[in-house]
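Below is one structure, written out as structure tokens; comments come after it.
In the working numbering, the protein residues as written are 28 to 364.
Now the structure itself:
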């Protein structure tokens, strides 16, 4: 029985479970499912010299530790992004830290980069079949004395095995992390990351020797216009290959109905749609076509995915919508495309 059929069958039971426990069960099920072959080739797109078989990707956060890579590709994703991964393992924030806002088809999380560390994840990556394009999202440890060094280490470790690497400075759940979105701190971070990927390319094994693993920058939807303009310019100036806009938001749109709307952390899902659309438009305007922009946030239907692509996004990424629409959403979007 496919993952889609299992989800549809057990969804009422899944929603009776604590959100984080349900999430862990989903990862285990996908890990057991394995891949069903290459992702559908629909409207392929090339970014940073890498060809994505289709423009529908999995956003980071669902499979932080790379435990279910093959199963996730089996859902039809053209790209799967694991992480965020930090140099050292960390437990993340205290539980409960993940909440379903069912009435709003939304999620609030304050996970805090919980992961088993980049080295453990890279060992799993080495064993995965990787039917599509694999991205590795890197972050900094909460207690790090030098966060720029953490990112450089993550990029350097991931560059030899990832198809692309995302530098994530957009999470609201690590204190002070979003400060790295502003210049000149962002320029320092991106320059160090670029140097790390170049060094990794020089040290890579023969089939990747001299390669230049693409770097993507992920920024928050809460940046104001000036902040987003600055981040776009920093990405262009530092040879970043794509911009991911954005992540969860610390704002709370009017009209949320769930009693859990006041929980601290980042909000994702359907209520993020209007903000995500607006920030995509701003990023595209700021970039002037000089850097591809990947749209994330509130993409919960084939129509919404198509609208973002037609608005100018190079690709779209999903996560929270899978909780409510189920894993079959990926192939429904691909059929529409």
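Ideal Cβ placement from N, Cα and C applies to all residues, glycine included.
Per DSSP, the unbroken alpha helix (DSSP H) holding residue 37 starts and ends at 30-41. As far as DSSP is concerned, residue 265 takes part in no beta bridge. Contact between the segment 284-294 and the segment 119-131 is established, with three or more Cβ pairs separated by less than 8 Å.
In this structure, residue 163 and residue 106 do not form a Cβ contact; the two beta carbons are roughly 11 Å apart against a cut-off of 8 Å. Between residue 323 and residue 46, the C-beta gap is not smaller than 8 Å, which leaves the two residues out of contact. When C-alpha distances from residue 281 are compared across 343, 153, 298, 345, the shortest belongs to 298. Shown here, residue 295 sits in a strand according to DSSP, grouped into three states.
Counted as a single uninterrupted DSSP element, the beta strand (DSSP E) harbouring residue 106 occupies residues 106-112.
For residue 52, there is no enclosing beta strand (DSSP E); the residue is part of the alpha helix (DSSP H) that begins and ends at 46-60. DSSP places residue 192 within a strand segment (E or B) once states are collapsed to three.
For the pair residue 36 and residue 42, the Cα-to-Cα distance works out to about 12 Å.
Under the three-state reduction of DSSP output, residue 345 falls in the strand class. Between residue 149 and residue 138, the beta carbon gap of about 20 Å keeps them out of contact (Cβ cut-off 8 Å). Taking a C-beta distance under 8 Å as the contact criterion, residue 113 and residue 189 do not qualify as a contact pair. Straight-line spacing of the CA atoms in residue 244 and residue 275 works out to 15 Å.
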